[in-house]
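Peer 1: Oh and the first sequence: position 133 is 133 in UniProt numbering, straight run, nothing missing.
In this text, a Cβ means the ideal position worked out from N, Cα and C, and glycines have one as well.
Below is the structure I would like to discuss, written out as structure tokens.
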Amino acid sequence: MRSRPSVLHLDLDAFFAAVEQRDKPSLRGKPVVVGGTGGRGVVATASYEARKFGARSAMPTAQARRLCPPGTAFLSPRGAAYRASSAIVMQLLHDLSPTVEQVSVDEAYVDLAHGDITDFAVDALHNRIQRLLGEITERTGGLTASVGIGTSKQIAKIGSDLDKPNGLVIVPAGHENEVLGPLPVRVLGGVGPVTGERLRSFGVETVADLQRMSVTDLVSIFGESHGRGLHEMAFARDDRPIVTEREAKSISAEETFPVDVADSTVLDRELVKLVERVTARLQEHGHFARTMTIKVRHGDFSTFTRSESTLHPTGDLATILSVARRLLVGADTAAGLRLLGFGVSGMSPHAQERMSFEQEEVEQPSPEAAVTAHDVDDGWGRNPQTWTPGADVRHAEHGAGWVWGSGLGRVTVRFEGPTTAPGPVRTFKADDPQLEHAGPPEWN
DNA sequence: TCTGGGGTCCTAGGACCC
DNA sequence: TCTGGGGTCCTAGGACCC
1 MRSRPSVLHL DLDAFFAAVE QRDKPSLRGK PVVVGGTGGR GVVATASYEA RKFGARSAMP
61 TAQARRLCPP GTAFLSPRGA AYRASSAIVM QLLHDLSPTV EQVSVDEAYV DLAHGDITDF
121 AVDALHNRIQ RLLGEITERT GGLTASVGIG TSKQIAKIGS DLDKPNGLVI VPAGHENEVL
181 GPLPVRVLGG VGPVTGERLR SFGVETVADL QRMSVTDLVS IFGESHGRGL HEMAFARDDR
241 PIVTEREAKS ISAEETFPVD VADSTVLDRE LVKLVERVTA RLQEHGHFAR TMTIKVRHGD
301 FSTFTRSEST LHPTGDLATI LSVARRLLVG ADTAAGLRLL GFGVSGMSPH AQERMSFEQE
361 EVEQPSPEAA VTAHDVDDGW GRNPQTWTPG ADVRHAEHGA GWVWGSGLGR VTVRFEGPTT
421 APGPVRTFKA DDPQLEHAGP PEWN
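Here's what the structure looks like:
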């Protein structure tokens, strides 16, 4: 938390819908809903006129259709138009300070401490930012924005939401708690439907209620990170810096089908498209990735992910596709899929990788490669039993296996023989009486 | 009423290493 | 004679955000 209100948060009002109303005068003053217009679409943005009827972001479009009156416009998003207006606004923010963190197409933080503003008194800030809001409206052909300014990202963001649309809220240093206290806990970042309901069950409705809970209790309920974070946020303690750029950590693409798809030929065709899109973007970033993940959603909305990591990072389409296909074959698609997705993560810069990795097969672990330790040490310098990697083993429960690795009083065994199916990998104490050297084993 | 698409971060258990 | 434990990686799932 800073000693001056030098963090600005800006949010464009009902952005997608406002652009549509700007570009199509007949829509002005009328309810407009932008989002997926198919049977399984959801609302991205509802104009303020549509919100009067209950239409909201993330609501199924079908539901918004029932709520809104005849004459309501339901439109598919026009991404290019939104990006063009967004760029104009972001440029105006850069005129305030070089440190601009764009959160999304319609939202950004600005670190005013890095810009030309030197007077952080409320009146001076008010004048300067009202001028900014006027410029935004003028340069974008009529769009409006809401701004919050405070001593942290948290306060700036909450401020920008307090007087929408076309509002400006400045919270002077030292006044954070009186602003925060009466607000519902849901205004805090990281408090969604689940956490909000959980807190309500403990009698916590407002931030002031949350302030009365002990860190100990919050940590025991929500875990170390989330619990501590809630306590910090309740008291407006937030030191997160404004960062201008961030490396992507994952790239993904997914598609919800108009009707569930069970045909494996069709699913494979869709998977190829998704993998091609993701790989193209990976290559644009100049990155390789190690972990491939598929996502499937069934008709009942149950959702599963399956992932696999390659030995080396790769950007090679054929390699990535072969992993993706293996993952899809392992998924249950018999009853049909509502959604199929594919993503990569574990990314590293392209240039640091040898090109030879691109063509390399995914290596299977072998006893020789996986194991370096030989004699079992019990951790206190004694060797009660020697286990050699690759040695055959008999086991009371699993039958036959071989030593995969060993060390520190433990031996890891893979239960698999030349004629038996691969079984589990399990780790035992080296002196476990269930384990005995066998060699050569009588495979069955 | 029936739930998009693109992300981030966290947790938890098992394997594995030391 | 008996006894662990910290740290990291991988995988799966979930909450949350825009």
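Over the uninterrupted beta strand (DSSP E) stretch that includes residue 313, give me the two end residues.
Peer 2: Translated into the one-based positions of the first sequence, residue 313 becomes position 313. Looking at the DSSP string, the run of the beta strand (DSSP E) that includes residue 313 is 303 to 314.
Peer 1: DSSP beta-bridge partners for residue 11?
Peer 2: Counting from 1 along the first sequence, the entry for residue 11 is found at position 11. Paired residue(s): 107 and 146.
Peer 1: Which whole-angstrom value is the C-beta distance of residue 340 and residue 255, which I expect to be below 8 angstroms?
Peer 2: Here residue 340 is taken as the residue at index 340 of the first sequence, counted from 1. Here residue 255 is taken as the residue at index 255 of the first sequence, counted from 1. Contact holds; Cβ gap of about 6 angstroms.
Peer 1: Determine the direct distance from the alpha carbon of residue 102 to that of residue 247, and round the result to whole angstroms.
Peer 2: Reading the first sequence from its first residue, position 247 is the one you call residue 247. Reading the first sequence from its first residue, position 102 is the one you call residue 102. Using only the alpha carbons, I get a separation of about 13 angstroms.
Peer 1: Mind checking which residues open and close the beta strand (DSSP E) that includes residue 193?
Peer 2: Taking the first residue of the first sequence as 1, we reach residue 193 at position 193. First-last for residue 193: 193 to 201, but that is the alpha helix (DSSP H), not the beta strand (DSSP E).
Peer 1: DSSP three-state call for residue 364: helix, strand or coil?
Peer 2: Taking the first residue of the first sequence as position 1, residue 364 is located at position 364. Because residue 364 carries a pLDDT of 39, less than 50, the predicted location of this residue cannot be relied on, and the following value inherits that uncertainty. Residue 364 falls in the coil class under three-state DSSP.
Peer 1: Would you kindly work out how many angstroms separate the C-alpha atoms of residue 140 and residue 62, rounded to a whole number?
Peer 2: Taking the first residue of the first sequence as position 1, residue 140 is located at position 140. Taking the first residue of the first sequence as position 1, residue 62 is located at position 62. The alpha-carbon atoms of residue 140 and residue 62 are separated by roughly 31 angstroms.
Peer 1: Quick one: residues in its chain with C-beta nearer than 7 angstroms to the C-beta of residue 299, no 5 flanking neighbours on either side, listed in chain order?
Peer 2: Reading the first sequence from its first residue, position 299 is the one you call residue 299. So the list reads 260, 335, 336 and 338, once near-sequence residues are dropped.
Peer 1: Count the CB pairs spanning the segment 66 to 79 and the segment 36 to 47 that are closer than 8 angstroms, and state whether there are at least three.
Peer 2: Segments in contact, yes.
Peer 1: Under three-state DSSP, which class holds residue 46?
Peer 2: Position 46 of the first sequence, counted from the first residue, corresponds to residue 46. In the structure shown, residue 46 sits in a strand (DSSP, three-state: E or B).
Peer 1: Under 6 angstroms Cβ to Cβ from residue 303, same chain only, skipping five residues before and after it: list those, please.
Peer 2: In the first sequence, the residue the question calls residue 303 occupies position 303. For residue 303, where only same-chain residues beyond five positions count, the Cβ hits under 6 angstroms are 297.
Peer 1: Are the beta-carbon atoms belonging to residue 185 and residue 204 less than 8 angstroms from one another?
Peer 2: Here residue 185 corresponds to residue number 185 of the first sequence, with the count starting at 1. Here residue 204 corresponds to residue number 204 of the first sequence, with the count starting at 1. In contact: residue 185 and residue 204 (Cβ atoms closer than 8 angstroms).
Peer 1: Suppose contacts are defined by Cβ-Cβ distances below 8 angstroms. Is residue 317 in contact with residue 271 by that definition?
Peer 2: Within the first sequence, numbered from 1, the residue matching residue 317 stands at position 317. Within the first sequence, numbered from 1, the residue matching residue 271 stands at position 271. No, the Cβ-Cβ distance between residue 317 and residue 271 is not below 8 angstroms.
Peer 1: Below 6 angstroms CB to CB, which residues in the same chain sit around residue 208 once its five sequence neighbours on both sides are set aside?
Peer 2: Position 208 of the first sequence, counting from 1, holds the residue named residue 208. The answer, listed in chain order, is 181.
Peer 1: Using DSSP's beta-bridge definition, name the partner residues of residue 347.
Peer 2: Position 347 of the first sequence, counting from 1, holds the residue named residue 347. Per DSSP, 289.
Peer 1: Take residue 282 as the anchor and find which of 23, 230 and 315 has the nearest alpha-carbon.
Peer 2: Position 282 of the first sequence, counting from 1, holds the residue named residue 282. Nearest of 23, 230 and 315 to residue 282, Cα basis: 315.
Peer 1: Using the rule of at least 16 other Cβ atoms within 10 Å of the residue's Cβ for burial, across every protein chain shown, is residue 126 buried or exposed?
Peer 2: For the purposes of this step, residue 126 is taken as the residue at position 126 of the first sequence. Result: exposed.
Peer 1: So is residue 154 buried or exposed if we call it buried at 16+ other beta carbons inside 10 Å?
Peer 2: Taking the first sequence and counting its residues from 1, the one referred to as residue 154 is at position 154. Label assigned to residue 154: buried.
Peer 1: Where does residue 408 sit, in a helix, a strand or coil, going by DSSP?
Peer 2: Residue 408 sits at position 408 when you count from the first residue of the first sequence. Since pLDDT at residue 408 reaches only 45, below the 50 mark, its modelled position is unreliable, and the value read off the structure follows with that caveat. Reduced to three states, the DSSP call for residue 408 is coil.
Peer 1: I'd like to know whether the C-beta atoms of residue 466 and residue 310 end up nearer to each other than 8 angstroms.
Peer 2: Residue coverage of the chain in this structure runs from 1 to 444, which leaves residue 466 outside it and unanswerable.
Peer 1: What would DSSP say about residue 341, mapped onto helix, strand or coil?
Peer 2: What you label residue 341 is simply residue 341 of the first sequence in a count that begins at 1. Here residue 341 sits in strand by DSSP.
Peer 1: Could you check whether residue 106 and residue 15 sit closer than 8 angstroms to each other, using their CB atoms as the reference points?
Peer 2: Locating residue 15 in the first sequence gives position 15, counting from the first residue. Locating residue 106 in the first sequence gives position 106, counting from the first residue. Yes; because the gap between Cβ atoms is below 8 angstroms, this pair is in contact.
Peer 1: Looking only at DSSP bridge pairs, what is residue 225 linked to?
Peer 2: Along the first sequence, one-based indexing puts residue 225 at 225. DSSP output for residue 225 lists no bridge partner at all.
Peer 1: Assuming contact is defined by CB atoms lying nearer than 8 angstroms, are residue 234 and residue 152 in contact in what I supplied?
Peer 2: Here the question's residue 234 lines up with position 234 in the first sequence. Here the question's residue 152 lines up with position 152 in the first sequence. No. Outside cutoff.
Peer 1: Put residue 254 into one of helix, strand or coil per three-state DSSP.
Peer 2: Here the question's residue 254 lines up with position 254 in the first sequence. If DSSP states are grouped into helix, strand and coil, residue 254 belongs with the strands.
Peer 1: Helix, strand or coil for residue 171, going by three-state DSSP, please let me know.
Peer 2: Position 171 of the first sequence, counted from the start, is the residue given in the question as residue 171. Here residue 171 sits in coil by DSSP.
Peer 1: Do residue 160 and residue 148 come within 8 angstroms of each other at the CB atom, strictly closer than that value?
Peer 2: The residue labelled residue 148 in the question sits at position 148 within the first sequence. The residue labelled residue 160 in the question sits at position 160 within the first sequence. Yes, Cβ-Cβ distance for residue 148 and residue 160 is below 8 angstroms.
Peer 1: Just to confirm the assignment: which complete alpha helix (DSSP H) runs, minimum length 4, are found wholly within the segment 116 to 141?
Peer 2: Correct list: 122 to 139.
Peer 1: Give the straight-line distance between the Cα atoms of residue 85 and residue 210, rounded to the nearest whole angstrom.
Peer 2: Along the first sequence, one-based indexing puts residue 85 at 85. Along the first sequence, one-based indexing puts residue 210 at 210. Each residue's alpha carbon lies about 39 angstroms from the other.
Peer 1: Using the rule of at least 16 other Cβ atoms within 10 Å of the residue's Cβ for burial, across every protein chain shown, is residue 80 buried or exposed?
Peer 2: The residue labelled residue 80 in the question sits at position 80 within the first sequence. It counts as exposed.
Peer 1: Does the separation of the CB atoms of residue 49 and residue 30 fall below 8 angstroms?
Peer 2: Here residue 49 corresponds to residue number 49 of the first sequence, with the count starting at 1. Here residue 30 corresponds to residue number 30 of the first sequence, with the count starting at 1. For residue 49 and residue 30, yes; Cβs fall inside 8 angstroms.
Peer 1: Might you give, ordered along the chain, the residues of its own chain that have their beta carbon closer than 6 angstroms to the beta carbon of residue 168, omitting 5 neighbours on each side?
Peer 2: Counted from its first residue, the first sequence places residue 168 at position 168. Around residue 168: 129 and 147.
Peer 1: For residue 157, count neighbouring Cβ atoms within 10 angstroms of its own Cβ and tell me buried if that reaches 16, exposed if not.
Peer 2: Your numbering for residue 157 matches position 157 in the first sequence. The residue in question, residue 157, is buried, as its Cβ has 16 or more Cβ neighbours within 10 Å.
Peer 1: Give the single residue among 66, 150 and 123 whose Cα lies nearest to the Cα of residue 5.
Peer 2: Counted from its first residue, the first sequence places residue 5 at position 5. Out of 66, 150 and 123, 150 has the C-alpha closest to the C-alpha of residue 5.
Peer 1: Quick check on this structure: which residue in 47, 17, 11 and 122 has the alpha carbon closest to the alpha carbon of residue 174?
Peer 2: Sequence index remark: in the first sequence, residue 174 carries index 174 (1-based). Residue 174 has its Cα closest to that of 122, out of 47, 17, 11 and 122.
Peer 1: Look at the Cβ atom of residue 13, then the Cβ atom of residue 166, and state whether they are nearer than 8 angstroms.
Peer 2: Taking the first residue of the first sequence as 1, we reach residue 13 at position 13. Taking the first residue of the first sequence as 1, we reach residue 166 at position 166. Cβ atoms of residue 13 and residue 166: closer than 8 angstroms.
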